[in-house]
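Take a look at the structure set out below.
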Amino acid sequence: MNSSFENIINSDKPVLVDFFATWCGPCKTMAPILEDLKKRLGEDIKIIKIDVDKAQSLAQELRISGVPTLILYKNGQQVWRQSGVVPVHQLEYTVKQFA
1 MNSSFENIIN
11 SDKPVLVDFF
21 ATWCGPCKTM
31 APILEDLKKR
41 LGEDIKIIKI
51 DVDKAQSLAQ
61 ELRISGVPTL
71 ILYKNGQQVW
81 RQSGVVPVHQ
91 LEYTVKQFA
């Protein structure tokens with residue numbers, strides 16, 4: 001696994017990783033949802049976006065088969081994962097369980 005990616009997810013704050021592609025319609029739908037989530041949770045969360053076309057080896061390693069795929073990490077461990085568009089209230093609830 002990419003060492004800079006490992007450094008990012010090894011955080012005591014929840015880290016939400018959005019695996020997306022520029023050509024993906026549902027990924028464009030997720031963008032404002034993630035912005036809303038960041039406004040709601042502020043410093044309680046890190047949100048990073050990873051383009052699967054630019055990070056193919058990482059996407060393969062994590063078995064990302066569809067986009068968008070959201071993975072929530074806490075202290076470097078995957079604690080939640082879901083593919084597809086996720087409503088902001090569900091994301092907020094999920095993140096708060098691990099905050």
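Residues in the sequence shown are numbered from 1 upward in steps of one, following UniProt numbering.
For each residue, glycine too, the CB sits at the ideal point set by N, CA and C.
Computed from a predicted structure; not experimentally measured.
In three-state DSSP terms, what is residue i?
{"i": "T22", "result": "coil"}
{"i": "R63", "result": "coil"}
{"i": "K13", "result": "coil"}
{"i": "K39", "result": "helix"}
{"i": "K28", "result": "helix"}
Taking residue i as part of the alpha helix (DSSP H), name the residues at either end of that continuous run.
{"i": "V95", "result": "88–98"}
{"i": "I8", "result": "3–9"}
Cα-Cα, which of the options is closest to residue i?
{"i": "L23", "options": "G42, I48, D36, K54", "result": "In the sequence under discussion, the amino acid at residue 23 is Trp, which differs from the Leu named in the question. Measuring from the Cα of W23, the nearest candidate turns out to be K54."}
{"i": "I33", "options": "L91, Q97, Q56, I71", "result": "L91"}
{"i": "K74", "options": "S4, Q97, L41, K28", "result": "Q97"}
{"i": "N2", "options": "V79, S57, G25, P26", "result": "S57"}
{"i": "L72", "options": "Q60, Y93, C27", "result": "Y93"}
{"i": "H89", "options": "D12, V15, M30", "result": "M30"}
{"i": "L70", "options": "P26, S11, N10", "result": "P26"}
Does the Cβ-Cβ distance between residue i and residue j come in under 8 Å?
{"i": "A21", "j": "V67", "result": "yes"}
Would you tell me roughly how many angstroms separate the C-alpha atoms of residue i and residue j, rounded to the nearest one?
{"i": "L37", "j": "L62", "result": "24 Å"}
{"i": "I45", "j": "S65", "result": "25 Å"}
In the DSSP assignment, find the beta strand (DSSP E) that holds residue i and state where it starts and stops.
{"i": "D51", "result": "46–51"}
{"i": "V79", "result": "77–83"}
{"i": "K54", "result": "No beta strand (DSSP E) contains K54, which DSSP labels as neither H nor E."}
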